[in-house]
Structures are given as C-alpha cells and as structure tokens.
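Undergrad:
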Amino acid sequence: MDDEALLRHSRHVLLEEYGIDGQARVGAAHALIIGAGGLGSPACLYLAAAGVGRITLVDDDTVDLTNLQRQVAHTTARVGQSKVASAAEAMRAINPDIVIVQHAVRADGALLDTLVASADVVLDCSDNFVTRQAVNAACVAHAKPLVAGAAIRFDGQLSVYDLRDPASPCYACLFPPDAEYEETRCAVMGVFAPVVGTIGTLQASEALKLLAGITPSLAGQLLMFDGRRTAFDSLKVARDPHCSVCAQRAGG
Ligand SMILES: [Zn+2]
60 MDDEALLRHS RHVLLEEYGI DGQARVGAAH ALIIGAGGLG SPACLYLAAA
110 GVGRITLVDD DTVDLTNLQR QVAHTTARVG QSKVASAAEA MRAINPDIVI
160 VQHAVRADGA LLDTLVASAD VVLDCSDNFV TRQAVNAACV AHAKPLVAGA
210 AIRFDGQLSV YDLRDPASPC YACLFPPDAE YEETRCAVMG VFAPVVGTIG
260 TLQASEALKL LAGITPSLAG QLLMFDGRRT AFDSLKVARD PHCSVCAQRA
310 GG
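This is the structure we're talking about:
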C-alpha cells in the first residue's frame, strides 16, 4: 500500500479489528454484486470506497427516471445508460484505484457459474426470485459466502449464507425454489427509499467484514428491518436437511 492508499483507507486501518492486514485482504479481494439498483447502489459505492480491489457488477437494466428516488449510484444525466456503466462511473469517481468489471446482461446460471468461481464474496442485490435462486445455486456449487438482501415497501431483510461452512444453511433452505411465492417486484411496487439504502449498506458491511476477517458475521440469522417502526428483528436459521439445493454439500 502506498502513502496515498494508506491515507485513503486510514480510518479503516485505525480500527483494531480491521487494521492494515484487513485492508490488504480487502484490496486483494474480488466482490461480485448481482444487481445495480436500490440495494446494489449503496453496496457498490461502499465497497468501492473501501478499496475492494476488484468489483464485478451484473445488471441488464438501464437507468430510468423512476429509479432515481432510491438508486443513489445513478444520476439524472445518466438516465438511459446501462446501470452497470452508470454505477461504475460513480464508483470510479470515489475511488479510481480499483478494477471494475461490468456485465450488462441478466445473471443466468452459466454466467454466474463463471463469475462466482472467482469471487471471494457474492452480494445478491437482485429484485427477483429466479435470480436469487440462481445466485444461491452458484454459491452452493462453489462454496462461496453469499450476502443476500431484499427490500419492498417498508420492509427489508438480510442474511449471510457462509457456504464455506458445511453447517451453514443456504438461501434455498429458507426459501425453497419450488415453493410458491407472490413475486413482488419493486418495478411495480412502492418502496421506501431509505429501506433499500439501509439493507444495501448492511450488505456492504457484512461483505467487508467477511473480506477483512471481522467476526462474527450474520451467518445463521435472518435479520428483518421494519422501516415503519425503525425496528430490527432477527430469527435463527438452520440448514434444512431436505433442501434440494444443498443436499450434495459436505455434511448434507
Ligand atoms: Zn440449502
């Protein structure tokens, strides 16, 4: 780390739990962020600011006027641009020293298989059940830690599935892929902007902790945020022995 990098990251380096070793680990790490919308915006900005050495963004959408109320990485001038290009511009403006890889496509199984294999942490900032399941399946297959967030209306939720640990549940242990869910997408639903900001910021927090080696993570708990009451609740979550996705994992 040169003097300028040391200054840039000094307020993390000064943290006893983080230190210069944590910053070095963060700088050498690859974070994969699926979705550059409401959750992905704060997540990608914080990870860029923290100096995560390589950040890959995947999103097939373009910036729309209706996004700007909550997707804070984007700007009025960038309406019509791809979200990954817009977010990358915002990230570079904060920190030009990192590598940003852009994929302006939908995160399908084949792409995720390639990208997850080389990631140190995966952030699911997507807005639909199909993508969430595909991201989880790739993280299970490659035993990578997954930080999954979701937000709709005034409600948010967050968990870490640390799939390096054979005892850890996967996303599908809680939300089976064959279950029927009412798909509520924020493309058509109301969403209170600071709730996505809160959850996306907490995703960045958990991802940085995993990369820097700060324990404990949120693994084994599902955190729920109620933006009306400004209250957090959490549930303990365990691996489902009948989960169809992680049945093949060691210890399953
Ligand atoms: Zn599972």
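Numbers in the numbering used here are just positions in the sequence shown, counted from 1, shifted up by 59.
All C-beta atoms in this analysis are idealised placements derived from N, C-alpha and C, irrespective of residue type, glycine included.
Remember, it's a predicted structure, so these values are computed and weren't measured experimentally.
Is the Cβ-Cβ distance between S141 and T121 less than 8 angstroms?
TA: Indexing the sequence shown from 1 puts residue 141 at position 82. Indexing the sequence shown from 1 puts residue 121 at position 62. Going by C-beta atoms, S141 is nearer than 8 angstroms to T121.
Undergrad: What residue does the alpha helix (DSSP H) around Y220 start on, and which one ends it?
TA: Stepping through the sequence shown from its first residue, residue 220 is reached at position 161. Not the alpha helix (DSSP H): Y220 falls in the beta strand (DSSP E), residues 214-221.
Undergrad: At a cut of 8 angstroms, does the stretch 95-115 reach the stretch 259-266 through at least three beta carbon pairs?
TA: They touch, by the three-pair rule.
Undergrad: If you draw a straight line from the alpha carbon of L127 to that of D237, how long is it in whole angstroms?
TA: On the sequence shown, position 68 is the one that residue 127 refers to. On the sequence shown, position 178 is the one that residue 237 refers to. About 34 angstroms.
Undergrad: Would you check if the distance between the CB atom of L269 and the CB atom of P204 is smaller than 8 angstroms?
TA: Start at 1 with the first residue of the sequence shown, and residue 269 comes out as number 210. Start at 1 with the first residue of the sequence shown, and residue 204 comes out as number 145. Yes, these two residues count as a Cβ contact at 8 angstroms.
Undergrad: At a cut-off of 7 angstroms, is D120 close to ligand 1 when judged by its beta-carbon and the heavy atoms of the ligand?
TA: Indexing the sequence shown from 1 puts residue 120 at position 61. No, the beta carbon of D120 sits no closer than 7 angstroms to any heavy atom of ligand 1.
Undergrad: Any contact between the stretch 87-105 and the stretch 174-191? By contact I mean 3 or more CB pairs, one from each, below 8 angstroms.
TA: In short, these stretches touch, since the Cβ pair count reaches three.
Undergrad: For ligand 1, any of its heavy atoms closer than 7 angstroms to the Cβ of V304?
TA: Within the sequence shown, the letter at position 245 stands for residue 304. Correct: V304 has its Cβ closer than 7 angstroms to ligand 1.
Undergrad: Could you give the DSSP three-state label for A209: helix, strand or coil?
TA: Taking the first residue of the sequence shown as 1, we reach residue 209 at position 150. Three-state result, A209: strand.
Undergrad: Looking at the structure shown, is V181 part of a helix, part of a strand, or coil, going by DSSP?
TA: As a first step, residue 181 must be located in the sequence shown, where it is residue number 122. If DSSP states are grouped into helix, strand and coil, V181 belongs with the strands.
Undergrad: Between the C-alpha atoms of G272 and Y77, what's the straight-line distance to the nearest angstrom?
TA: As a working note, residue 272 is residue 213 in the sequence shown. As a working note, residue 77 is residue 18 in the sequence shown. One C-alpha to the other measures close to 8 angstroms.
Undergrad: Answer yes if the stretch 214-232 comes into contact with the stretch 279-294, meaning at least three C-beta pairs across the two stretches below 8 angstroms, and no otherwise.
TA: Segments in contact, yes.
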